[in-house]
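Asks: Okay, here's the structure, questions in a sec.
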Amino acid sequence: MMSKTQIQKCFTQAHAVYDQQALAQQEIIRRLTALLATQGRHFDYCLEIGCGSGQLTRALAQHFSIQRWDLNDLCEPHQALSQILQHKPFRFMQGDAEQLCLPQQYDLIATASTMQWFEHKPQFLARCAAHLLPNGLLLFSTFAPENLFEIKQLTQIGLDYPELWQWRQWLEDDFEILHLSSDKIILEFDSPKAVLLHLKQTGVTATHQSMWTKKKLQDFYQNYEKNYRTSSGKVRLTYAPILGLAKRK
Numbered sequence: 005m006m007s008k009t010q011i012q013k014c015f016t017q018a019h020a021v022y023d024q025q026a027l028a029q030q031e032i033i034r035r036l037t038a039l040l041a042t043q044g045r046h047f048d049y050c051l052e053i054g055c056g057s058g059q060l061t062r063a064l065a066q067h068f069s070i071q072r073w074d075l076n077d078l079c080e081p082h083q084a085l086s087q088i089l090q091h092k093p094f095r096f097m098q099g100d101a102e103q104l105c106l107p108q109q110y111d112l113i114a115t116a117s118t119m120q121w122f123e124h125k126p127q128f129l130a131r132c133a134a135h136l137l138p139n140g141l142l143l144f145s146t147f148a149p150e151n152l153f154e155i156k157q158l159t160q161i162g163l164d165y166p167e168l169w170q171w172r173q174w175l176e177d178d179f180e181i182l183h184l185s186s187d188k189i190i191l192e193f194d195s196p197k198a199v200l201l202h203l204k205q206t207g208v209t210a211t212h213q214s215m216w217t218k219k220k221l222q223d224f225y226q227n228y229e230k231n232y233r234t235s236s237g238k239v240r241l242t243y244a245p246i247l248g249l250a251k252r253k
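The working numbering puts the last residue of the sequence shown at 253; the count rises by one with no breaks.
So this is what it looks like as structure tokens:
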């Protein structure tokens, strides 16, 4: 498992270009927002874990009425957050969400594309339940084992992602599961080099600590072209998001 320091470094370096490059994350957030809308539009107190540059924050602020916010991230607060939440009271808590001392209970805890980095996922879900009011909602996305499988197949490097059934099992103790599904988002790029640049610019190189030699890189490009070229002449990259919405029992 990667150290949180490495993760923090990769995402801090990607800050400036993250929003333009995070195409799969934008689609995930669109789907999460639609999911949450099935449960109502008003929340008194929201905690967002791993808010980053504020993509999910912006979507929640646009589509829902949220009175107060607690925002958390491993990296320094992004300047966009105060622009997104201009006149709304919010508090930023920097640090590792798995260790964070949560100050109170919420009626919504939301997190997008963050939990795959956690070491103790079931314990984190139990903590979320403990910090939700009765009938409070947990809205989340993470990734299934097929995520970025092109990279994993060619490099043997990548995160170990739990299966959908494991998430179901972990949630069932404390939550009524309102929605849990996995899906695929296929992105196309002009070249394997563009794929690696995309991963770097979205912080995902946190999973790629091995040094590329010139030979390794050439082999990677060649094999990627050979195995993952699309009919349009581009190359593909697969994201496999898991989307969840659960209500505290």
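The beta-carbon is built from N, C-alpha and C at its ideal position, and this holds for glycine as well.
Please name the residue, chosen from 168, 95, 202, that lies closest to residue 248 on a Cα-to-Cα basis.
Replies: When each option's Cα is compared against that of residue 248, the closest is 168.
Asks: Between the region 229-243 and the region 165-181, can you find at least three pairs of beta-carbon atoms closer than 8 Å?
Replies: Taking 8 Å as the limit for Cβ pairs, the verdict is that the region 229-243 does not touch the region 165-181.
Asks: Report buried or exposed for residue 139, applying the criterion of at least 16 other Cβ atoms within 10 angstroms of its Cβ.
Replies: Its Cβ having fewer than 16 others within 10 Å, residue 139 is exposed.
Asks: Below 8 Å, can you find three or more Cβ-Cβ pairs linking the region 81-88 to the region 112-125?
Replies: Touching, no.
Asks: Return the Cβ separation of residue 253 and residue 179 in integer angstroms, given the expectation that the two are a contact with Cβ distance under 8 Å.
Replies: The pair is a contact, with the Cβ atoms about 6 Å apart (cut-off 8 Å).
Asks: Applying the criterion that 16 or more other CB atoms from any shown protein chain within 10 Å of the CB defines a buried residue, is residue 118 buried or exposed?
Replies: The residue is buried, with at least 16 neighbouring Cβ atoms inside 10 Å.
Asks: Short of 6 Å in beta carbon distance, which residues of its chain neighbour residue 183, apart from the five on each side in sequence? Order them along the chain.
Replies: Same-chain partners within the cutoff: 39, 249.
Asks: Do residue 189 and residue 28 have their beta-carbon atoms positioned less than 7 Å apart in this structure?
Replies: Going by C-beta atoms, residue 28 is nearer than 7 Å to residue 189.
Asks: With distance defined between alpha-carbon atoms, name the residue in 107, 205, 238, 76 nearest to residue 58.
Replies: Here the closest residue by C-alpha is 76.
Asks: Count Cβ pairs between the region 38-54 and the region 100-110 that sit closer than 8 Å; are there 3 or more?
Replies: They touch, by the three-pair rule.
Asks: Rounded C-beta distance between residue 232 and residue 150? I'm assuming under 8 Å.
Replies: Contact flag wrong, Cβ pair sits at about 13 Å.
Asks: Does the beta-carbon of residue 221 have 16 or more other beta-carbons within 10 angstroms, so that it is buried, or is it exposed?
Replies: Under this definition residue 221 is an exposed residue.
Asks: Locate the alpha helix (DSSP H) running through residue 132, then write down its first and last residues.
Replies: Its alpha helix (DSSP H) spans residues 125-134.
Asks: Would you kindly work out how many angstroms separate the C-alpha atoms of residue 238 and residue 194, rounded to a whole number?
Replies: Those two C-alpha atoms are separated by around 5 Å.
Asks: Quick one: grab the DSSP three-state call for residue 257.
Replies: The displayed coordinates of the chain run from 5 to 253. Any statement about residue 257 would go beyond what the structure contains.
Asks: Are there 16 or more other CB atoms within 10 angstroms of the CB of residue 186, so buried, or fewer, so exposed?
Replies: Buried, because 16 or more other Cβ atoms sit within 10 Å of the Cβ of residue 186.
Asks: In chain order, what are the residue ranges of uninterrupted beta strand (DSSP E) at least 3 long that sit wholly in the region 187-247?
Replies: List check, beta strand (DSSP E) in window: 189-193, 239-243.
Asks: Go to residue 256, then tell me how far its alpha helix (DSSP H) extends in each direction, as first and last residue.
Replies: Only positions 5 to 253 of the chain appear in this structure, which leaves residue 256 out of reach.
Asks: Using the Cα positions of residue 141 and residue 230, report the straight-line distance between them to the nearest angstrom.
Replies: The alpha-carbon atoms of residue 141 and residue 230 are separated by roughly 45 Å.
Asks: Only counting the same chain, and skipping five residues up and downstream in sequence, which positions put a Cβ closer than 8 Å to that of residue 225?
Replies: 195, 196, 197, listed in sequence order.
Asks: Helix, strand or coil for residue 43? Go by DSSP, reduced to three states.
Replies: Residue 43: coil per DSSP, three-state reduction.
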